[in-house]
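The numbering used here puts the first residue of the sequence shown at 6, with every later residue one more than the last.
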Amino acid sequence: MSRIFSSTKCTLGEGPLWHPVEQVLYWFDIIGKRLYRSDGTNEQSWDFDEYVSAAGWIDSGQLLIASETALSVFDTASGESSFVHPLEFDNPVTRSNDGRADPWGGFWIGTMGKNAEPGAGAIYRYYDGALTRLFDKITISNAICFAPDHRHAFYTDTVKRKILRVALDDDGFPAGKPDLFTDLSAEGLNPDGAVVDADGNLWVAQWGAARVACYGPDGGFLRAIDVPGEQASCPAFGGADLSMLYITTAAEGLDPAGKSDGMTFAAPSGTKGQKEHRVIL
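Dropping the structure here:
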């Protein structure tokens, strides 16, 4: 059963990241242009001058953050950002969306149109100082996550309601074309952010369905965790033993929004997640 982890209401809560060194949860309000951090008791936030959406951990107090136009190193002690690489900086239509560090120390980041313009987004990988476009013509990039055996990555274009899986080569780049992992279109479910647990099961937030659903390595549905916020946006495993599932939600577009919409929740998962991979710059 889900409980409230943070009662702060985000317009578009996204990008939860359990920092394995600091033992805290980071997450974003994309529309609010804000980053949050909490250990469950004390909460802190930082404001940005453009949209921010996803992060990977570099070290204690340092994150690689994807913003509207760039990848930057953010120092939580000073509150200062150091530019690393542009991200569609010359395209005013798009912003960053879902992202996650990969097992090689790279960082995958998706973009999308600020108004979900059809096909305006893409998915990139930042690795060894270079940003490589992996997939294009994506409307809403989401569900970027990695299998525990390091052999596959997953992603989705939410509007197509299909989660795809792609094989990875020895350097962590896609090897061949992606194939279908699971199709949610018949049920009318909208896949959002996702994460893979230590057993290879994929946990995906389903926007508008008030839940996070778990699918086995074969793509078959296993179970779901209900979320008090209607628009569940992204899960992350955390806690001392990585058994807690943290879930962001969004109040955006709900009129009226419910009392829990936009809050961040925590629920015992009954399993264990993978430790989030470290970004290597």
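Virtual Cβ for every residue (Gly too), placed ideally from N, Cα, C.
Note that the structure is a prediction, hence the values are computed from the model and not measured.
- DSSP places P21 inside the beta strand (DSSP E), whose first and last residues are G18 to H24.
- Take S86, set aside five residues on each side of it, and the residues of its chain with a beta-carbon closer than 6 Å to its own are S77 and F79, in chain order.
- Rounded to the nearest whole angstrom, the C-alpha separation of R100 and S265 is 26 Å.
- Within the DSSP bridge table, the entry for Q211 names P196 and R216 as partners.
- A straight-line Cα-Cα distance of about 26 Å links L169 and I285.
- In the DSSP secondary-structure assignment, Y41 is bridged to W32 and S50.
- Y31 places its beta carbon less than 8 Å from that of A60.
- For N147, the uninterrupted beta strand (DSSP E) run begins and ends at S146 to F151, by DSSP.
- The three-state secondary structure of K167, taken from DSSP, is strand.
- The criterion of a C-beta distance shorter than 8 Å is satisfied by T144 and D162.
- Comparing alpha carbon positions, the residue from T81, T116 and G111 closest to L92 is T116.
- As computed with DSSP, P233 is found in no beta bridge at all.
- Buried is the label assigned to R216, since at least 16 other Cβ atoms lie within 10 Å of its Cβ.
- Annotated as distal: T269 and S7, with beta-carbon spacing of 8 Å or more.
- As DSSP reads the structure, V201 sits in a beta bridge with L207.
- Relative to P179, the option among P196, D133, R105 and R138 whose CA is nearest is R138.
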